[in-house]
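Trainee: Residue numbers (our numbering): 6 to 291.
Don't be surprised by glycine CBs; every beta carbon is placed ideally from N, CA and C.
One structure coming up, written as structure tokens, with questions to follow.
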């Protein structure tokens, strides 16, 4: 990695995290987030973070480097399309008349429908859109793409190595695979302590993704960190739950908020913000 955001080492933060570990030791796992509210809470969380804008700008710059010919994109875990529609619109506007193919894979039908609707609202005749309501492993995709991108979605796959190899197989020669994933920084230390275990595997963080690329013999072009911030001091309980990927019990909310205050840094406006970084891994298929 060219940059990694370190886990906070202040005594106060470390002590508060240890206190939370003690509270959770030997007790039943917290409830997972409900699928029907996940997308809503995610959207509310994103409104408090500058990460989505940083990702959109970063990926738009990368797409601009791919030339002005026809372009195709596969977005794995496209969600409601709020990010992808910005990227698709940029591609259409950058080169008028250029054919743009955009395919999304999203396991939740409601979010996939929003993705399709957001893309249709662009009213761009040169843009063709398709959505697969499926996991990546089960998606029936029989074409290759100039770009295959995972934005905060590779957490949910069972086998990282197999997924990276399968994803690279969907990239055209000369095309690129981009994987955006969170490091085990301050916020994800909470996820590690509080989130219920996933059904088939543990939580994947950036170090796991980097190791999987190396284990598969896939050479990275680069790996950079986008240093975003999120305002969790003013968040609702539901957004706080989304941030730690679990439904918190009332007695945990105070300690969680105390920990977040301890790891916060001043934002551009001087107000406290929690570091919310994302790592971007990129490789070209040769």
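Determine the closest residue to residue 264 out of 271, 286, 238 and 155, with distance taken between C-alpha atoms.
Mentor: Numbered from 1 along the chain shown, position 259 holds the residue referred to as residue 264. If we check each option's Cα against that of residue 264, 238 comes out closest.
Trainee: Please list, in chain order, all residues of the same chain as residue 198 whose beta carbon is under 7 Å from its beta carbon, the five residues on each side excluded.
Mentor: For the purposes of this step, residue 198 is identified with residue 193 of the chain shown, where counting begins at 1. Around residue 198: 22, 25, 26 and 29.
Trainee: Can you name, in chain order, every residue of its own chain whose Cβ lies under 7 Å from the Cβ of residue 193, other than the five neighbours on each side?
Mentor: Start at 1 with the first residue of the chain shown, and residue 193 comes out as number 188. These residues qualify, in order along the chain: 187 and 210.
Trainee: What does DSSP give as the partner residue(s) for residue 110 in the beta ladder?
Mentor: One-based indexing of the chain shown puts residue 110 at position 105. DSSP output for residue 110 lists 81 and 137 as bridge partner(s).
Trainee: Exposed or buried, what is residue 145 when buried is set at 16 or more other beta-carbons lying within 10 Å of its beta-carbon?
Mentor: Position 140 of the chain shown holds residue 145. So residue 145 counts as exposed.
Trainee: Once you ignore the five residues that flank residue 12 on each side, which residues in its own chain have a CB closer than 7 Å to its CB?
Mentor: To locate residue 12, count along the chain shown from 1; it is residue 7. For residue 12, the predicted structure reports a pLDDT of 46, less than 50, and the residue's modelled location is therefore unreliable. A value from the coordinates is still provided. Answer for residue 12: 189, 190, 191 and 194, listed in chain order.
Trainee: Comparing alpha-carbon positions, which option in 220, 243, 158 and 141 lies nearest residue 41?
Mentor: Along the chain shown, one-based indexing puts residue 41 at 36. Residue 243 is the option with its Cα nearest to residue 41.
Trainee: In this structure, how does DSSP classify residue 56 when only helix, strand and coil are distinguished?
Mentor: Within the chain shown, residue 56 is the residue found at index 51, counting from 1. Residue 56: helix per DSSP, three-state reduction.
Trainee: Would you mind sorting residue 106 into buried or exposed? The rule is 16 or more other CB atoms within 10 Å of its CB.
Mentor: For the purposes of this step, residue 106 is taken as the residue at position 101 of the chain shown. Answer is buried; the Cβ neighbour count reaches 16.
Trainee: Report the start-end ranges of each beta strand (DSSP E) in the stretch 176 to 216 that is 3 residues or longer and not cut off at the edges.
Mentor: Qualifying beta strand (DSSP E) stretches, in chain order: 176 to 186.
Trainee: Mind checking whether residue 248 and residue 37 have CB atoms under 8 Å apart?
Mentor: To locate residue 248, count along the chain shown from 1; it is residue 243. To locate residue 37, count along the chain shown from 1; it is residue 32. It is not a contact, given that the beta carbons lie outside the stated cut-off.
Trainee: To which residues does DSSP link residue 230 through a beta bridge?
Mentor: Along the chain shown, one-based indexing puts residue 230 at 225. Answer is 284, bridged to residue 230.
Trainee: To the nearest whole angstrom, what separates the beta carbons of residue 149 and residue 176, a pair I think is in contact under 8 Å?
Mentor: As a position in the chain shown, residue 149 is number 144, starting the count at 1. As a position in the chain shown, residue 176 is number 171, starting the count at 1. Correct: roughly 6 Å between the Cβ atoms.
Trainee: Of all the options 164, 274, 241 and 43, which has the alpha carbon lying nearest to the alpha carbon of residue 258?
Mentor: As a first step, residue 258 must be located in the chain shown, where it is residue number 253. It is 241.
Trainee: Tell me the rounded alpha-carbon separation between residue 272 and residue 147.
Mentor: The count along the chain shown starts at 1 and reaches residue 272 at position 267. The count along the chain shown starts at 1 and reaches residue 147 at position 142. Rounded to the nearest angstrom, the two C-alpha atoms are 45 Å apart.
Trainee: Decide if the stretch 156 to 163 is in contact with the stretch 69 to 79; the criterion is three or more beta carbon pairs, one per stretch, under 8 Å apart.
Mentor: Segments in contact, no.
Trainee: Check the DSSP bridge columns for residue 159 and list the partner residues they point to.
Mentor: For the purposes of this step, residue 159 is taken as residue 154 along the chain shown, with counting starting at 1. Answer is none; residue 159 lacks a bridge partner.
Trainee: Taking the alpha carbon of residue 80 as the point to measure from, which residue in 268, 212, 270 and 152 has its own alpha carbon closest?
Mentor: Taking the chain shown and counting its residues from 1, the one referred to as residue 80 is at position 75. Measuring from the Cα of residue 80, the nearest candidate turns out to be 152.
Trainee: Between which two residues does the alpha helix (DSSP H) harbouring residue 28 extend?
Mentor: Looking up residue 28 in the chain shown gives position 23. Where residue 28 is concerned, the enclosing alpha helix (DSSP H) stretches over 16 to 29.
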